[in-house]
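**Student:** The following block contains the structure, expressed as structure tokens.
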Amino acid sequence: MRPPFRATASASDPVLLVIAHGSRDPRHAATVHALTGRVRALRPGLRVETAFLDFDTPTVSEVTSSLYRCGVREIVALPLLLTRAFHAKSDIPAVLAEATSRMPDLTVRIADVLGPSPLLVGALERRLAEAGLTPADRATTGVVLASAGSSDPEAIAVIAEIAREWRHTGWCAVRPAFASARLPRTEDAVRALRAEGVRRVAVAPYVIAPGRLPDRIEAGAEAAGADLVAGVLGAAPELARLLLRRYDTAPRGVPLLSAA
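The sequence shown begins at 1 in UniProt numbering and counts up by one.
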């Protein structure tokens, strides 16, 4: 049974540490901070911190050290990732283990990645509506679900399954595409839908924040003549609610990481 949504935090609640990938593009960090700000607004009193794996600061080590010096002894680390691929399986656990190795009595529990979730589909729908689609457009619109891409077969299978399930909600077609690592590219998927006679083609980026790969998605969509390109998921309210859901359902009992 899903735990009830809590509107306020208690003093004993663990700190929520959101770990984003990071990017040289300043829009990335700005978007992540906007999202975590929305999470704080949804649950007043919950301490929410943000760290980055690469390019941006603060680092995971910097944030965990600061929290420890302030007396924090329990953290829920939440990977700001849509699929369970290499960063979730290897990078984040390793970075957390290294960062907390000299912090006795600190417990870190790692929450699940964000996807898949109906809330993410809700955020995709929101961005398509903001780009101009109406409910009446669904039956004549094909959607390209454009993700960053991964070499991890599990992650690719999840994206394909999301596309299959989303197709059943009324769109005339939904096709997955990838900005890196796997094919088809966004432009290939757009052209394939056109060749099948789809009247209108929309591209829905399945990415959280702007950066190099989202720019590649947009460029591919425009090169292939997509009718519209939705915005990234960003600080969508559905995404903020999902972060809190993952926080609330992080594994209890034996911690995944402990420096004790």
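A virtual CB, placed ideally from N, CA and C, is assigned to each residue, including glycine.
It should be emphasised that the depicted structure is a prediction, and the values quoted were computed from it without experimental measurement.
So which of Arg252, Pro251 and Arg246 has the shortest CA-CA distance to residue 261?
**Tutor:** Because the chain in this structure spans residues 1 to 260, residue 261 falls outside the shown range and cannot be described.
**Student:** Just how far apart, CA to CA, sit Val63 and Asp105?
**Tutor:** Taking the straight line from one Cα to the other gives about 16 Å.
**Student:** Using only CA atoms, which one of Gly45, Ala155, Ala148 and Ile110 lies nearest to Val207?
**Tutor:** Per the Cα distances, Ala148.
**Student:** Using the rule of at least 16 other Cβ atoms within 10 Å of the residue's Cβ for burial, across every protein chain shown, is residue 300 buried or exposed?
**Tutor:** This structure cannot speak to residue 300, because the chain is shown only from 1 to 260.
**Student:** For Leu145 versus Val174, is the C-beta spacing smaller than 8 Å?
**Tutor:** Against a cut-off of 8 Å, the Cβ pair of Val174 and Leu145 comes out as a contact.
**Student:** Can you grab the Cα-Cα spacing for the pair Leu233 / Leu124, in whole Å?
**Tutor:** Rounded to the nearest angstrom, the two C-alpha atoms are 7 Å apart.
**Student:** Could you give the distance in angstroms between the alpha-carbon of Ala226 and the alpha-carbon of Tyr68?
**Tutor:** Going from the Cα of Ala226 to the Cα of Tyr68 covers about 49 Å.
**Student:** Alpha carbon to alpha carbon, how far is Glu238 from Gly122? Give it in angstroms, no decimals.
**Tutor:** Gly122 and Glu238: Cα-Cα distance of roughly 7 Å.
**Student:** Excluding the five sequence neighbours on either side, which residues of its own chain have a C-beta within less than 7 Å of the C-beta of Val32, listed in chain order?
**Tutor:** The answer, listed in chain order, is Ala20, Thr50, Leu80 and Ala209.
**Student:** Nearest by alpha-carbon distance to Ala202: which of Glu218, Ala34 and Asp91 is it?
**Tutor:** The shortest C-alpha separation from Ala202 is found at Glu218.
**Student:** For Asp56, is the classification buried or exposed, using 16 other Cβ atoms within 10 angstroms of its Cβ as the cut-off for buried?
**Tutor:** Per the 10 Å Cβ criterion, buried.
**Student:** Can you have a look at Pro14 and say buried or exposed, based on whether 16 or more other CB atoms are within 10 angstroms of its CB?
**Tutor:** Counting Cβ neighbours within 10 Å, Pro14 comes out buried, since at least 16 surround it.
**Student:** Using only the alpha-carbon positions, how far apart do Ala88 and Val113 sit?
**Tutor:** Using only the alpha carbons, I get a separation of about 7 Å.
**Student:** Please name the residue in Ala235, Arg241 and Ala181 whose C-alpha comes closest to that of Ala29.
**Tutor:** When each option's Cα is compared against that of Ala29, the closest is Ala235.
**Student:** Please classify Ile162: does DSSP put it in a helix, a strand, or coil?
**Tutor:** If DSSP states are grouped into helix, strand and coil, Ile162 belongs with the helices.
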